[in-house]
Amino acid sequence: MTSPEHWSSDVFREMKARDIRTVCTIPDGGLTQLLNMVKADPVHRLVTLTTEEEGIGIATGCWLGGERAMIAMQSSGVGNCINALGLPTALRTPCLMLVTMRGQWGEFNPWQVPMGQGTRPALEAMGVKCFPVDKAAEIGETFAAAADLAFHGGLSAAVLISQRVIGAKGFGQK
Amino acid sequence: MTTTSSTPASNKIQRRAFVAELLKRRGNALVIPGLGSPTWDTFASGDSPEYLYSWGGMGLAVPTALGVALAQPSRRVLALTGDGEMMMGIGSLAVVADQNPQNLAILVLDNEHFGETGRQTGLTANKVDLTAVARGFGIERTMTVTEEGKVGELAEFLFQGQGPALAVAKIALSEDPWRLPEKDGGTIARRFRMALGLETA
Chain A
9 MTSPEHWSSD
19 VFREMKARDI
29 RTVCTIPDGG
39 LTQLLNMVKA
49 DPVHRLVTLT
59 TEEEGIGIAT
69 GCWLGGERAM
79 IAMQSSGVGN
89 CINALGLPTA
99 LRTPCLMLVT
109 MRGQWGEFNP
119 WQVPMGQGTR
129 PALEAMGVKC
139 FPVDKAAEIG
149 ETFAAAADLA
159 FHGGLSAAVL
169 ISQRVIGAKG
179 FGQK
Chain B
48 MTTTSSTPAS
58 NKIQRRAFVA
68 ELLKRRGNAL
78 VIPGLGSPTW
88 DTFASGDSPE
98 YLYSWGGMGL
108 AVPTALGVAL
118 AQPSRRVLAL
128 TGDGEMMMGI
138 GSLAVVADQN
148 PQNLAILVLD
158 NEHFGETGRQ
168 TGLTANKVDL
178 TAVARGFGIE
188 RTMTVTEEGK
198 VGELAEFLFQ
208 GQGPALAVAK
218 IALSEDPWRL
228 PEKDGGTIAR
238 RFRMALGLET
248 A
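Taken in order, these protein sequences are the chains called A and B.
Per the working numbering, the very first residue in the first sequence carries number 9; after that it's consecutive.
Per the working numbering, the very first residue in the second sequence carries number 48; after that it's consecutive.
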């Protein structure tokens, strides 16, 4: 029996199909495979940030210059983006985020819980359309749906990948 | 001798005339002014669809300009910001250095104060040296301007050299009349993309 392809391959395929060339990121463990694919592909550009809000500005600038970009981050990074999310809304330009959730499904670290639980309400308060997904097999199509809504509608959209998919980090504890 | 200025004697450049003289020399560079005074200065120099005016999102002028520069490698891009916004988004200079866009220049209009909000003293007034910070992050080309007469040299530095560049212009803490451009972001974005041939009317 062969194991199914990792969801990152599905997302990468949908990115390629839509010419989403640039990925701005503060990495998360759950994003490792996808970020490695982006880095290895000469067509794509990986932009490492100092804080996630920069990614909102860079992705907006890419769109203004005629390219598609996205921001990939852990849910804690969403908190860093709040004021910046007003930029694409004011300009009526697309903003696509891929968020791996922490503080949610079986979280070991209580410091992750406040922002993890606040991620979706905070995004929705800023007008971002949220696409939660908790099955690995559905991440590719969910990403595609969010991307199309963002790039065709000039809207902000976030795919929220459940910690149930990523798995909670246990730090070796029972 | 007495002075009415609360900025040091080195800060004597008058921003409005200086920005107007600079932008006369921009060629076809795209200009991303930060929120507040840099946007008013840009509009006061004359309107252009190649100016992406900003009314908010403090800290994002450099990231936005970086995105434009990456997507438009054949066009020169200028981020025109103030010291307050540059300090808020200071980490973005590391991202600029790392991406190393050959066509991106940054000009910080440094009056060492938060001019828009009541002239509170800013962080560049005492200890912070923005050009040293930029070099530390890996932006090798830096310049400091304290004389209006250097505008031609500055224009050459910003609009002609290769590799990311950051200049600081030490400007006076002045009170200039409001010059308010288009406020609707959708209109600003759309006309910018139309000027690049990315959208049609």
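Glycine included, every Cβ here is placed at the ideal spot set by N, Cα and C.
Following the DSSP letters along the chain, one finds Ser164/A inside the beta strand (DSSP E) bounded by residues 164-169. Bounds of the alpha helix (DSSP H) holding Ala202/B are 198-207. The Cβ of Val115/B sits closer than 8 Å to at least one Cβ of chain A.
If you draw a straight line from the Cα of Glu203/B to the Cα of Ser84/B, it comes to about 23 Å. Phe116/A sits in coil when the DSSP states are folded into three classes, being neither helix nor strand. Between Met81/A and Met105/A, the C-beta gap is smaller than 8 Å, which places the two residues in contact. In chain order, Gly74 make up the part of chain A whose C-beta sits under 7 Å from the C-beta of Leu245/B.
The bridge partners DSSP lists for Tyr98/B are Val78/B. Counting other Cβ atoms within 10 Å of its Cβ, Pro102/A reaches 16 or more and is therefore classed as buried.
DSSP, reduced to helix, strand and coil, places His52/A outside both helices and strands of the structure shown, so it counts as coil. At the C-beta level, Thr189/B and Val155/B stay beyond 8 Å of one another.
Between Arg73/B and Phe206/B, the C-beta gap is smaller than 8 Å, which places the two residues in contact. Contact note: Gln119/B reaches chain A through Gly73, Gly74, using a C-beta cutoff of 8 Å and chain order. For Ile235/B, the neighbours in chain A by C-beta distance under 8 Å run, in chain order, Leu99. Within the region 108-176 of chain B, the complete beta strand (DSSP E) segments at least 3 residues long are 124-129, 151-157, listed from N- to C-terminus. Per DSSP, reduced to three states, the secondary structure at Val121/A is helical. For Gly169/B, same chain residues with a beta-carbon under 6 Å away, outside a window of 5 residues either side, are Asp130, Gly131, Glu159, His160, Phe161 in chain order.
When the Cα atoms are used, Thr234/B and Met133/B turn out to be separated by approximately 26 Å. Counting only Cβ-Cβ distances below 9 Å, Ser139/B has contacts in chain A at Leu57, Thr58, Thr59, Glu62, Gly65, Ile66, in chain order.
For the region 145-158 of chain B, the set of positions with a beta-carbon nearer than 7 Å to some beta-carbon of chain A reads Asp145, Gln146 in chain order. Rounded to the nearest angstrom, the gap between the Cα atoms of Glu195/B and Glu68/B is 9 Å. When C-beta atoms of the region 9-26 of chain A are compared with those of the region 55-62 of chain A, fewer than three pairs fall below 8 Å, so the two segments do not count as touching. If you draw a 10 Å sphere on the C-beta of Glu149/A, you find fewer than 16 other C-beta atoms in it, and that means exposed. Chain B has a Cβ within less than 8 Å of the Cβ of Asn91/A.
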